[in-house]
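Following: one structure in structure tokens, then a few remarks.
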Ligand SMILES: [Fe+2]
Ligand SMILES: [Fe+2]
């Protein structure tokens, strides 16, 4: 045995001891994780968690954040053309809320160890996914109403159960988001109500908007349960509480009385109350359309991404200026502190 090998032997032993300690930690971590999930309690950022749980959450939370940010575009487009000052102020507040939702969610995703810049880059490069609904245009003012009523409405149905998601930062972000989404849904419903009780032309505009957004809003819950491979695992981890089809049914049951109150109809001839099931039956959705939009072939998929990229590029100087200012303030604080200590 060479002298060199003698030197390495204790190191190898130390490595093995470290590896064994890490294994023990992972084992007890896994046991603890399983207990927390079984108790329907919460996992926090510093708790041990399986890599697959972490990855799956980063994917879900960042996709959710991207959807909030891209979702600002269809309605942001109408801020300058809202029909009154009051409508403009309300819409601006709503679009700002969506930016805030994006920020809470990026913050929640960051606690899982993925830097925010990486998530931004994934969206910028076109690699990241976001909700297919935001690739549709808002053609008329009534579309802004239909988006609030149907799209934010579907978001609420999807998100209320997420307030109990097993990952603490995600669940807590959802509580605040859901409160704001309720306001969004009501403002959309109120826009449609004004139009559906206005002139014949306004009524037709409202109906056409509902006709356009009904199908894509129902598709927001994701593919049918049989085609949703991640759902089962997500439910076993107490992230998701209901399947896509259960949530979709809940949404249809919720909007039927609402559309009646609006004096409008939903564009589905098969929509009918089923006494036996205690739910509304509705027609199969256009899943070919859904998968085409998901793959980036939605009516405005390209424009949405291009707009995001140019906004990010054009805003680079603002971010640089903010960082330079923050650095200067902290340097000044350090100097003042040093002067005080020196005194
Ligand atoms: Fe939102
Ligand atoms: Fe919203």
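Numbering (the numbering used here), first residue to last: 679 to 1021. For each residue, glycine too, the CB sits at the ideal point set by N, CA and C. Since this is a predicted model, take the numbers as computed values, not measurements.
Runs of the alpha helix (DSSP H) lying entirely within the segment 785-816 and spanning at least 4 residues, in chain order: 794-803. By the CB criterion at 9 Å, residue 713 and residue 728 fall outside the cutoff. For residue 809, the closest alpha carbon among the candidates 981, 691, 974, 1012 is that of 974.
CA-to-CA, the gap between residue 804 and residue 877 works out to about 43 Å. Counting C-beta atoms within 10 angstroms of its own C-beta, residue 915 has 16 or more neighbours from the protein chains shown and is therefore classed as buried. Contact between the segment 845-853 and the segment 890-901 is absent: fewer than three C-beta pairs spanning the two stretches fall below 8 Å. Between residue 833 and residue 787, the CB-CB gap reaches or exceeds 9 Å.
With contacts defined by Cβ atoms closer than 9 Å, residue 732 and residue 790 form a contacting pair. Counting only beta-carbon distances shorter than 5 Å to the non-hydrogen atoms of ligand 2, the qualifying residues in chain order are 830, 859, 862.
The Cβ-Cβ distance between residue 970 and residue 883 does not fall below 9 Å. Shown here, residue 867 sits in a helix according to DSSP, grouped into three states. The count of Cβ pairs closer than 8 Å, one atom from the segment 953-962 and one from the segment 919-934, reaches three, so the stretches are in contact. Checking the 8 Å criterion, the Cβ of residue 833 is within range of a heavy atom belonging to ligand 1. Beta-bridge partners assigned by DSSP to residue 951: 958. Assigned with DSSP and collapsed to three states, residue 721 falls in strand. Taking a cut-off of 8 Å for Cβ pairs, the segment 866-874 and the segment 820-830 touch, as three or more such pairs fall below it. In this structure residue 961 is not in contact with residue 953, their Cβ atoms being roughly 19 Å apart against a cut-off of 8 Å. Here residue 691 is exposed: its Cβ has fewer than 16 other Cβ atoms, across all protein chains shown, within 10 Å. Close CB contacts of residue 837 within its chain, under the 7 Å cut and outside five residues either way in sequence, are with 852, 855, 856, 859 (chain order). If you check the CB distance, residue 911 and residue 762 do not come in under 9 Å. At least 9 Å separates the beta-carbon of residue 871 from that of residue 944.
A contact is defined here as three or more CB-CB pairs under 8 Å, and the segment 771-778 fails this definition with respect to the segment 792-806.
For residue 880, same chain residues with a beta-carbon under 7 Å away, outside a window of 5 residues either side, are 873 in chain order. Cβ-Cβ distances below 6 Å link residue 775 to 858 in the same chain, with the five nearest sequence neighbours on each side left out; the list follows chain order. The shortest C-alpha to C-alpha distance from residue 862 to any of 840, 1017, 749, 737 is the one to 749.
Cα atoms of residue 902 and residue 895: separation of roughly 14 Å, rounded to the nearest angstrom. Less than 9 Å separates the beta-carbon of residue 753 from that of residue 816.
The alpha-carbon separation between residue 982 and residue 759 amounts to approximately 19 Å.
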